[in-house]
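Quick mapping for you: the protein sequence lines, in order, are chains A and B.
The numbers in this note's numbering rise by one with no breaks, and the one at position 2 of the first sequence is 2.
Position in the second sequence (first residue = 1) + 1000 = this note's numbering.
For every residue, glycine included, the Cβ atom is placed at its ideal position computed from N, Cα and C.
Being a predicted model, the structure only gives us computed values, none of them experimental.
See below for the structure under consideration.
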Amino acid sequence: GQQLNQSPQSMFIQEGEDVSMNCTSSSIFNTWLWYKQDPGEGPVLLIALYKAGELTSNGRLTAQFGITRKDSFLNISASIPSDVGIYFCAGQPGNTPLVFGKGTRLSVIA
Amino acid sequence: SQTIHQWPATLVQPVGSPLSLECTVEGTSNPNLYWYRQAAGRGLQLLFYSIGIDQISSEVPQNLSASRPQDRQFILSSKKLLLSDSGFYLCAWSVGSEAFFGQGTRLTVV
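Take a look at the structure:
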């Protein structure tokens, strides 16, 4: 089946630093989504992207739908301790269930 | 507004025992429903998805089954649990591309 390559797998950053993570696919996606999962809870939708080149912000979070439709990135500015968690990208190639990346585990050092 | 309820939150079951996890969605009609499993520190594995009552697609052959007896009810079952069935089980719903997750069930098979 389709796979998404999400990187990095994990990150350790200082509070206040900016964070960047990305996802790539070998095939074209119509939709890109970014989720955050806190320990022991279900993933929560952060940002949804529907058009190639689209750049969308949600507070300190910014995500972009790549021009080629095969990639997306998520940036977090001025990280804070509550940003800790696992971030997942997800893409939808067509009228099929979402395909998820393996996640980026973010740790923030105060 | 839409809500998703998943229970129980945690479950410890002996090997060979049956399993029934239930998920219900409120505030929407004819949603797509999903069951995912997440191993510790890993990504999301799609187990089953349903586009309507009694319409179930299985993504991974295994010791589990799913049923959708009502429009907004999705049940994950097993007749005999294996140790390898341990994990974090997540139910999700979607109308369109964006999926929304329940709080998850932590299953430990002993």
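Between the C-alpha atoms of P8(A) and F73(A) there is a straight-line separation of about 11 Å.
Going by beta carbons, F1048(B) and S1058(B) fall inside the 8 Å limit. Scanning chain B for C-beta atoms nearer than 8 Å to the C-beta of K36(A) yields nothing, as the closest lies near 11 Å away.
Assignment of L1064(B) by DSSP, reduced to helix, strand and coil, places it in the coil class.
Distances from the alpha-carbon of G1016(B) to those of G1027(B), L1082(B), H1005(B) and S1094(B) put L1082(B) closest. Across the structure, Q1002(B) and T1024(B) are spaced so that their CA atoms are roughly 11 Å apart. Setting aside the 5 residues that flank it on each side, F12(A) is surrounded in the same chain by S107 and I109, each with a C-beta closer than 7 Å to its C-beta; the list follows chain order.
By alpha-carbon distance to S26(A), the top candidate from Q92(A), R105(A), T104(A) and P97(A) is Q92(A).
Close CB contacts of I1051(B) within its chain, under the 7 Å cut and outside five residues either way in sequence, are with N1032 (chain order). Listed in chain order, the non-local C-beta contacts of Q1013(B) below 8 Å within the same chain comprise L1019, L1081, L1107, T1108, V1109 and V1110, local neighbours out to five positions each way being set aside. Taking 9 Å as the cut-off between beta carbons, the residues of the region 1027–1048 of chain B near chain A are N1032, Y1034, Y1036, Q1038, G1041, R1042, G1043, L1044, Q1045 and L1046, in sequence order. Within a 10 Å sphere around the beta-carbon of K51(A) sit fewer than 16 other beta-carbons, which makes this residue exposed. In the DSSP assignment, I76(A) is bridged to V19(A) and L61(A). Under the Cβ distance rule, L98(A) counts among the residues neighbouring chain B, one pair being separated by less than 8 Å. Distance between T1010(B) and T68(A), taken at the CA atoms: about 42 Å. Cα atoms of G66(A) and T31(A): separation of roughly 11 Å, rounded to the nearest angstrom. Taking all protein chains shown into account, T96(A) has fewer than 16 neighbouring C-beta atoms within 10 Å of its C-beta and is therefore exposed.
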